[in-house]
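Using our numbering, read the sequence shown as starting at 33 and increasing by one per residue.
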Amino acid sequence: MTKTQTVGVLALQGAFAEHCRHLEKAAAKLHKDVEVIEVRTPTELEKCEGLVIPGGESTAISLVAQRSAGMLDALRKFVTVDKKPTWGTCAGLILISSGIYDHKTEKQTLAGTPEIDAHGNKVADQTVSALFGGLDVVVSRNYFGRQLGSFIAPLKLSNFGVSSTITDKEAVFDAVFIRAPVVFKTLNDDVKVLAEVEDPSDPTKKLIVAVEQGHMMGTSFHPELSDDTRIHEIWLSKFL
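See below:
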């Protein structure tokens, strides 16, 4: 008998309910025995074979995790020590990244590395120190500006991998970008780029919006805000 696998969706803030529904629909299409649960505590996280970290506000998610007893450490352990399958979408991508780049000030800070102020003194960066880490990329938050700058871009599904439910090799996924981050740079060759889009301010420039590394996947866009469950199907097929 096949063991039921438990997939968690971090439910501290953001579009977690939508991810839960998509995962349930995707599992049904794949005929996989999967239980989807909302995760708010270390005890709930311990039950999970895989985790989705949703979009929302990365700062809010990290603050709630810090205030929830043991949750931030439990998330870091799940992602970086136990190396269980983890997928971060939009704000989730920011939280599993290794650093932040501010494209306005051109300042980069890696997790665990204090910034230097104008007088040469080290200063703490609460946003960066709250990252869960694990994915060797530096991200630029809210690259496309305000919510009015939201857009949809077609991404080729074959670049993400395979699923028994996807037979069209030329199939595309209409990805929804809302105040989305981009991957500013990858930090080693283990990071595989899955998708890029044109920079709205410079059509000759490509922006990385989806990556994969080992047990981790990160996407800038919101796959849960479409009726299309194929990205969720691919993730379940590849990582669980």
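Cβ atoms here follow ideal geometry from the backbone N, Cα and C, with glycine treated the same way.
In this text, all values refer to a predicted model and were calculated from it rather than measured experimentally.
Distance between beta carbons of residue j and residue i, contact taken as under 8 Å
i: residue 130; j: residue 219; result: 6 Å
i: residue 70; j: residue 101; result: Not a contact, Cβ separation roughly 18 Å.
i: residue 118; j: residue 251; result: Rounded, the Cβ-Cβ distance is 12 Å, inconsistent with contact.
i: residue 166; j: residue 111; result: 4 Å
i: residue 256; j: residue 51; result: 5 Å
DSSP state of residue i mapped onto helix, strand, coil
i: residue 45; result: coil
i: residue 257; result: helix
i: residue 198; result: coil
i: residue 105; result: helix
i: residue 210; result: coil
i: residue 113; result: helix
i: residue 74; result: helix
i: residue 244; result: strand
i: residue 172; result: strand
i: residue 223; result: coil
i: residue 269; result: helix
i: residue 124; result: helix
Residue from the options with nearest C-alpha to residue i
i: residue 249; options: 261, 223 and 232; result: 223
i: residue 74; options: 57, 66, 97 and 184; result: 97
i: residue 196; options: 41, 262 and 247; result: 262
i: residue 123; options: 200, 258 and 88; result: 88
i: residue 134; options: 172, 85 and 116; result: 172
i: residue 186; options: 193, 204, 199 and 174; result: 204
i: residue 163; options: 198, 90 and 113; result: 90
i: residue 190; options: 267, 58 and 72; result: 267
i: residue 35; options: 95, 200, 66 and 104; result: 66
i: residue 246; options: 49, 76, 114 and 105; result: 114
i: residue 264; options: 84, 47, 127 and 238; result: 84
Contact check, residue i vs residue j, beta carbons under 8 Å
i: residue 125; j: residue 232; result: no
i: residue 170; j: residue 216; result: yes
i: residue 241; j: residue 229; result: yes
i: residue 86; j: residue 39; result: no
i: residue 82; j: residue 116; result: yes
Own chain partners of residue i with C-beta closer than 6 Å, once the 5 adjacent residues on each side are dropped
i: residue 184; result: 206 and 208
Beta-carbon contacts of residue i that lie in its chain and below 7 Å, excluding the five residues immediately before and after
i: residue 76; result: 40 and 69
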